[in-house]
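Okay, structure first, notes after.
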Amino acid sequence: MLAFQDTVEEPSEEVPAGLATVPACGVRKGVVESFGVHRFPSPTARRNPAARSSIDYLQGTGMNTVREHLGPSQWDTWYRERRSVDRLVTDAEAIRFLRHVAPSAGASVLDVGCGIGSFSRQLFRWGYNVQGLDFSPVAIRIAERRGIREGLRYGVHDFDAGAIPTTLQPRSLDLIVCRNVLPFMDHHRFLADARRWLRPGGQVYVLVRVWPERGGEPHDRPWQRGFTEEQVQDLQNGWAEQERYWLGRHTALFLAGEHRGSEQCAGGRDADPPPAARP
Ligand SMILES: C[S@@+](CC[C@H](N)C(=O)[O-])C[C@H]1O[C@@H](n2cnc3c(N)ncnc32)[C@H](O)[C@@H]1O
């Protein structure tokens with residue numbers, strides 16, 4: 220029950236039967252996009268006689284280790300080769316998300332590094348006014364092909380290099396979603412900006428893969444980049460309100476409240492302790 224197998228894993232908790240439909244907090248009925256198992260290489264890549272292994276893929280892009288920067292052209296290649304599938308929102312994630320965030324009609328959300336927009340569309344179904352930004356033009360084209368509407372729009376933007384878009388004004392956002400994206404960015408700089416964009420009471424949602432040690436990611440799969448436990452705790456520093464839980468080897472964070480110096484950090488509450496043994 221997962222998709223985008225390389226970044227989102229099957230949640231470790233039991234999902235109650237019949238929960239493919241998630242209540243939409245009285246705004247819109249929200250149906251989580253259906254699940255599927257995406258194996259690597261994807262079925263599309265397997266059918267394609269020119270399909271390449273992940274190592275070939277990396278060599279083809281001039282990228283050999285996970286420590287190298289993944290730029291827009293590498294992500295373009297990733298999306299062009301359909302290595303991501305459009306079915307990555309699991310019930311367990313959606314249920315937890317809605318427990319922590321109560322969408323109110325028209326609340327503004329930024330989906331950072333939105334890729335092909337799977338979570339953006341889900342947010343739209345839950346009633347948000349969504350802006351999905353990603354530096355991969357290929358991903359954004361795919362997202363747009365899957366539907367743009369009033370309240371669901373996309374744009375190409377590099378959060379590390381681009382000038383801040385005019386759509387991101389101080390105190391203009393209710394929610395900022397960073398799903399499997401912070402390890403690919405200058406996340407300290409980004410979060411400093413993000414704090415300014417949040418309205419009072421606004422939240423940041425982070426989903427990230429956790430690795431036991433820095434550089435623990437498989438070298439032939441740079442798209443599996445994540446954070447160590449220490450880096451996750453560093454992310455939590457300075458937020459007055461923090462909630463955290465585990466989804467398989469990913470951790471999810473809800474951060475809110477006035478930023479305080481890390482020395483004043485309240486210390487987050489782990490809603491769920493991590494599983495005992497995590498490779
Ligand atoms: C692992 S994918 C996650 C996509 C999506 N958030 C999801 O949950 O499926 C990481 C995405 O981050 C984007 N990305 C990486 N660095 C970025 C940056 N500096 N600015 C904008 N997008 C970036 C990539 O293009 C890619 O679409």
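When we follow the working numbering, the leftmost residue of the sequence shown carries the number 220, and every step to the right adds one.
All residues carry an ideal CB built from backbone N, CA and C; glycine is no exception.
Please go through the same chain and pick out, in chain order, the residues whose beta-carbon is closer than 6 Å to the beta-carbon of residue i, but skip the five residues on each side of it.
i	result
L329	Q350, L392, I395
F409	F378
N348	G325, S327, G370
V331	C397, V400
Kindly say whether residue i, judged by its beta-carbon, lies nearer than 8 Å to any beta-carbon of chain C.
i	result
V396	Looking for chain C here will not work: only one protein chain is present.
Can you list, in chain order, the residues of its chain with a C-beta nearer than 8 Å to that of residue i? Leave out the 5 residues immediately preceding and following it.
i	result
P356	P291, D295, V375
A411	none
Under 7 Å Cβ to Cβ from residue i, same chain only, skipping five residues before and after it: list those, please.
i	result
E477	A459
P389	R415, W416
Q422	V320, L394, F473, L474, A475
G336	G351, A362, R365, Y373
D405	D379
R315	Y464, A471
Are there 16 or more other CB atoms within 10 angstroms of the CB of residue i, so buried, or fewer, so exposed?
i	result
H288	exposed
R364	exposed
R428	buried
I383	exposed
G457	buried
G467	buried
S323	exposed
G346	buried
G381	exposed
T240	Residue confidence is low: T240 scores 29 on pLDDT, short of 50, so the model does not pin down where it sits. Its coordinate-derived value is still stated next. The residue in question, T240, is exposed, as its Cβ has fewer than 16 Cβ neighbours within 10 Å.
Using the Cα positions of residue i and residue j, report the straight-line distance between them to the nearest angstrom.
i	j	result
T447	F343	31 Å
A495	R433	Note that A495 scores 41 on pLDDT, short of 50, meaning its location in the model is unreliable; the coordinates nonetheless yield the value given after this. In a straight line, the C-alpha of A495 is about 19 Å away from that of R433.
G281	V451	Residue placement at G281 is flagged as unreliable, the pLDDT there being 41, under the threshold of 50; a coordinate-derived value is accordingly withheld.
T284	D439	Low confidence applies to T284: its pLDDT is 40, below 50, so where it sits in the model is not reliable enough to give any reading.
D353	G445	18 Å
P419	G334	27 Å
I367	Q341	13 Å
W465	V425	12 Å
R398	P441	16 Å
I359	Y298	10 Å
L317	P431	28 Å
T386	A413	13 Å
R302	H407	28 Å
D453	V308	26 Å
Q443	E449	18 Å
Tell me residue i's beta-bridge partners as DSSP assigns them.
i	result
R428	H469
G374	L352
T447	W430
S323	None; S323 has no bridge partner.
D453	DSSP output for D453 lists no bridge partner at all.
E460	A475
R368	L371
I395	L329, V423
L417	L392
Relative to the C-alpha of residue i, which candidate in the options has its C-alpha closest?
i	options	result
H469	Q293, R302, A311	A311
A313	F338, G325, A413	F338
G370	L317, T385, S327, T386	S327
G435	A411, P402, D453	P402
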